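S.K.: In my numbering, the protein residues as written are 2 to 144. Every residue, glycine too, gets a C-beta built ideally from N, C-alpha and C. Small disclaimer: the values here were computed from a predicted structure and weren't measured.
Below is the structure:
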């Protein structure tokens, strides 16, 4: 499956694609960023390698009303989410092998393990409300 690009005209379609019990890997970048442009090719290749996972590319400036208040300290920033559970949110080195290892490590966890990690860490707890991509999309569509 290819990477989905978040745009104003496809938010409802993207929200529907991310519904249910789906793993999602979202990359938050910016069009002006040379690192992001170089990373995009390998991110797209990773998407093709994992067709059961939805990969989303989000330009944080073009889609500021969806991503605007997310804390993006550097590029690329990845968000890995299963259903409404945010399993990972943070800056990664621009090496797609790291993204793949992060994804596979999260997929291997059962729901109880994910929940234990969330409940045991204040930052991970905050991700559930602050970084939930499905909720952010629905909020943007409703506004």
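#1: Buried or exposed: which applies to residue 42, given that a residue is buried once 16 or more other Cβ atoms fall within 10 Å of its Cβ?
#2: When the Cα of residue 83 is compared with those of 111, 58, 120, which residue comes out closest?
#3: Verify whether the separation of the beta carbon atoms of residue 141 and residue 12 is less than 8 angstroms.
#4: For the alpha helix (DSSP H) containing residue 83, name the first residue and the last one.
#5: Keeping to the same chain, check which residues put their C-beta closer than 7 angstroms to that of residue 45; ignore five residues upstream and five downstream.
#6: Looking at the unbroken beta strand (DSSP E) that takes in residue 88, where does it start and where does it end?
#7: So, under 8 angstroms CB-CB, residue 93 and residue 54 are touching, yes? Tell me the CB distance rounded to an integer number of Å.
#8: Buried or exposed: where does residue 107 fall if 16 or more other Cβ atoms within 10 Å of its Cβ makes it buried?
#9: Going by the beta-carbon positions, is the gap between residue 80 and residue 29 smaller than 8 angstroms?
#10: Starting from residue 59, trace the beta strand (DSSP E) both ways and give me its first and last residue.
#11: Which residues in the same chain as residue 50 place their Cβ atom closer than 6 angstroms to its Cβ, once the five residues preceding and following it in sequence are excluded?
#12: Count the other CB atoms, across all protein chains shown, that sit within 10 Å of the CB of residue 116; report buried if there are 16 or more and exposed otherwise.
#13: List the whole-angstrom C-beta distance separating residue 132 from residue 76, where the pair is believed to meet the contact cut-off of C-beta under 8 angstroms.
M.R.: According to the structure shown:
#1: exposed
#2: 111
#3: yes
#4: Run containing residue 83: none in the alpha helix (DSSP H); it sits in the beta strand (DSSP E), 78-83.
#5: 3, 4
#6: 86-92
#7: About 16 angstroms; that fails the 8 angstroms criterion.
#8: buried
#9: yes
#10: 54-60
#11: none
#12: exposed
#13: Residue 132 to residue 76, Cβ: 16 angstroms. No contact.
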